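Numbering (the UniProt record's numbering), first residue to last: 1 to 425.
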Amino acid sequence: MTSQHLPQDAVQETPASPDVFWFLPTHGDSRYLGTSRGARTVDGDYLRQVAVAADTLGYDGVLLPTGRSCEDAWIVASSLIHETNKLKFLVAVRPGLSTPGLALRMASTFDRLSRGRLLINVVTGGDPGELEADGLFASHAERYEISDEFFRVWRGALAPENADKGFDFSGKHLTVKGARTLYPPLQKPSPPLYFGGSSAAAHELAAEQMDVYLTWGEPPAAVAEKLADIRARAARFGRTVRFGIRLHVIVRETNDAAWRAADELISHLDDEVIAKAQAAFAKMDSVGQRRMAALHGGRRDQLEVSPNLWAGVGLVRGGAGTALVGDPDTVAARMREYQELGIETFILSGYPHLEESYRFAELVFPLLGKGKQGGQHSLTGPFGEVMASDIVPKPGVPKPGVPNSVPGAAAPGAVAQQETPKKVA
């Protein structure tokens, strides 16, 4: 559904350029889903390559996943602080699996060492089996109660008026006495809190306590409904909340090539693997996961759930299960539709993550006015291969409606400075 078909009050003013994050695949990476063919070793060296690429290309940040299927997000992110310059790290805090005081000390230290590059991903969890294995026996409702109390303590411990005497709190699940931080975070009053969830309890928590609400990639009409509900709830608390969306991307120079790449990504999946994955997801109590599964119903024949929104990844991947598929103009247009709803941050990924970080930046960033690929080239920036020993390629200018007319060159509206190649002195 395009923006012209949405309620008028759902459409917001489109910002000039969104924040675009990439993803660190600490749970594995491959060219295909459901097979070891095309898989690669995901170690510190590989994760560094992905992070440095994202930083160099001009992505605003990276999301690190959390859970027992992943390397520990805090340790991985810490190892990359001094490998990157401007890249922000969206790292999970897990209420119920750690105490507010311990989590706050970790966050404060990371924020100080990274010079203010930490973002907090608040994760309540949606897999009871995994949570119980980690020692947390709490219902869906109780986990949101714990999260609510957790961040009341978090804010109380950071409040300047509690710097000396500390903060006392006694709740249903958490009790602290004299909570405070001696080494506060660089960002005031706290690194921004990002949070996602589709239940009523999640929306209430987002409205009252969080800075940025994240949704998985549902069709625009469904996203509009969620954002409207959170805006209304936040207004009751006298607050506003920013919004972001988590999506995969499959972008190629033509729409046909993009759809072929989508088909290839799941070409090694068999029905048995899909059935096992869907059975595992069905045991979760996550409302968001149920909404993801409902988009495709476990079937391969109905995967385009909205124009250019493809649910094939969700056949076997938990969490974010949809991808924007198309040529650069199409993908950028679909992103603008979400922007018009109020989405300011896009958290993206693609398989394999190193190559796709470059592909998306080269093909789509110029259309978004994003990243270091825009503007005139210099001999310390991206300008292509020098030809015949001394000829630097001409700066490119995007051509409306022509896919990949400027692979990694000038931003929209830029004008070439010369008609003939420039020679190196």
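By construction, the Cβ of each residue, glycine as well, lies at the ideal position given by its N, Cα and C atoms. Every value quoted in this text rests on a predicted model; they were computed, and no experiment measured them.
query	result
Beta-carbon contacts of residue 210 that lie in its chain and below 6 Å, excluding the five residues immediately before and after	193 and 195
Validate contact between the stretch 350-363 and the stretch 220-234 using beta carbons, cut 8 Å, 3 pairs	no
Identity of the residue in 157, 330 and 299 nearest residue 275 by Cα	299
Assigned exposure category for residue 141 - 16 Cβ within 10 Å defines buried	exposed
Cutoff 7 Å; reference residue 143; Cβ partners in own chain excluding five residues on either side	96, 124 and 125
C-beta atoms of residue 243 and residue 213 nearer than 7 Å	yes
Exposure label - residue 137; buried when at least 16 CB within 10 Å	exposed
Inter-residue CB distance, residue 26 and residue 73 (contact presumed, cutoff 8 Å)	7 Å
Paired residues, beta bridge with residue 19 - DSSP	345
Element boundaries [alpha helix (DSSP H), containing residue 78]	73-79
Per DSSP, the bridge partner or partners of residue 213	195 and 243
Opening and closing residue of the beta strand (DSSP E) in which residue 324 lies	323-326
Candidates 145, 239 and 33: closest to residue 266 by CA position	33
Which of helix, strand or coil DSSP assigns to residue 116	coil
Where the beta strand (DSSP E) through residue 433 begins and ends	Any question about residue 433 goes unanswered here, given that the chain covers just 1 to 425.
Nearest-angstrom Cβ-Cβ length linking residue 329 and residue 253, presumed shorter than 8 Å	Actually they are not in contact, since the Cβ atoms of residue 329 and residue 253 sit about 11 Å apart, beyond 8 Å.
Residue 184 - DSSP class collapsed to helix/strand/coil	coil
Length at least 4, wholly inside the stretch 122-181: the alpha helix (DSSP H) runs in chain order	128-133 and 140-158
Distance, residue 278 Cα to residue 47 Cα	29 Å
Simplified DSSP state of residue 304, which is helix, strand or coil	strand
N- and C-terminal bounds of the beta strand (DSSP E) containing residue 361	No beta strand (DSSP E) holds residue 361; the alpha helix (DSSP H) holding it covers 353-368.
CB contact flag (residue 50, residue 353, <7 Å)	yes
Opening and closing residue of the beta strand (DSSP E) in which residue 63 lies	61-63
CA nearest to the CA of residue 100, picked from 20, 150 and 59	150
Beta-carbon separation (whole angstroms), residue 64 vs residue 24, contact threshold 8 Å	5 Å
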